[in-house]
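Heads up, the thing below is written out as structure tokens.
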Ligand code: HEC
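Numbering (this note's numbering), first residue to last: 195 to 348.
This is the structure we're talking about:
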């Protein structure tokens with residue numbers, strides 16, 4: 195008896211996970227695309243001042259670096275979750291390349307590099323290693339490019 199209940203429970207879970215990963219309605223897919231693009235808009239907003247600091251267009255501001263590096267770290271942690279939804283077969287406006295869902299391990303690894311690099315900047319600013327800031331900001335931009343080169347349409 196117990197055994198069959200467990201079996202039923204297991205197959206229900208299996209079915210449930212199949213139905214979420216297989217077919218998304220176009221409405222669900224549209225939402226998924228909107229959410230992941232929103233994360234990137236926040237990423238862009240928070241990395242903007244780093245671009246200006248790297249180029250010497252604005253003075254180094256440690257409080258701002260700390261705040262935005264913290265945010266970028268958090269945002270990077272959301273990326274794998276918000277790319278679970280496989281929108282390949284839906285009619286959506288997206289620059290995400292299909293091969294993301296053939297290479298989710300590598301995609302998530304590239305997201306994790308953004309996590310690592312934003313944490314390194316955060317550590318540097320908290321330890322007042324001011325000669326490291328520019329290099330570590332550049333390293334964050336490197337993680338954007340590495341992922342876009344492989345997984346984002348131009
Ligand atoms: C792990 C992969 C990955 C990383 C890391 C990454 N991106 Fe992206 N980015 C993407 C993908 C994929 C898209 C396309 C999303 C879509 O159109 O559905 C995208 C889209 C964007 C967009 C357009 C969003 C929109 O509204 O259409 C911006 C801006 C952006 N990324 C900025 C950045 C910046 C800045 C960084 C680094 C700080 C970064 N991304 C890091 C994969 C990544």
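Every residue gets a Cβ at the ideal spot worked out from N, C-alpha and C, and that includes glycine.
This one's a predicted model, so the numbers in the text were calculated from it and none came from an experiment.
Taking 6 Å as the limit between beta carbons, can you name the residues of its chain near residue 330, skipping five residues before and five after?
314, 315, 318
Comparing the CB of residue 230 with every heavy atom of the ligand HEC, is any distance shorter than 8 Å?
yes
Which residues bound the alpha helix (DSSP H) around residue 301?
298 to 320
Residue 274 to residue 249, Cα distance in whole Å?
The straight-line gap from Cα to Cα measures roughly 30 Å.
With a threshold of 8 Å, are at least 3 pairs of Cβ atoms found where one atom belongs to the segment 217 to 228 and the other to the segment 278 to 285?
Flag = yes, the segment 217 to 228 and the segment 278 to 285 touch.
As a quick exercise: from 337, 338, 328, pick the residue whose alpha carbon is nearest that of residue 251.
328
Taking the continuous alpha helix (DSSP H) assigned at residue 262, which residues delimit it?
Secondary structure note for residue 262: its alpha helix (DSSP H) is the uninterrupted segment 256 to 276.
Going by CA-CA distance only, name the one from 263, 224, 278 that's closest to residue 242.
263
I need the boundaries of the alpha helix (DSSP H) containing residue 291, first residue and last residue.
Taken as a continuous stretch (DSSP letters only), residue 291 belongs to no alpha helix (DSSP H), as it is neither H nor E.
Output the boundary residues of the alpha helix (DSSP H) element that contains residue 222.
From DSSP, the alpha helix (DSSP H) with residue 222 extends over 220 to 248.
Spatial distance of residue 208 from residue 280 (CA atoms)
Caution applies to residue 208, whose pLDDT of 49 falls short of 50 and renders its modelled position unreliable; the value that the coordinates give is listed next. Answer to the nearest angstrom: the Cα atoms are 17 Å apart.
Would residue 257 be called buried (16 or more neighbouring beta carbons within 10 Å of its own) or exposed?
exposed
Check whether the Cβ of residue 224 lies closer than 8 Å to any heavy atom of the ligand HEC, and answer yes or no.
no
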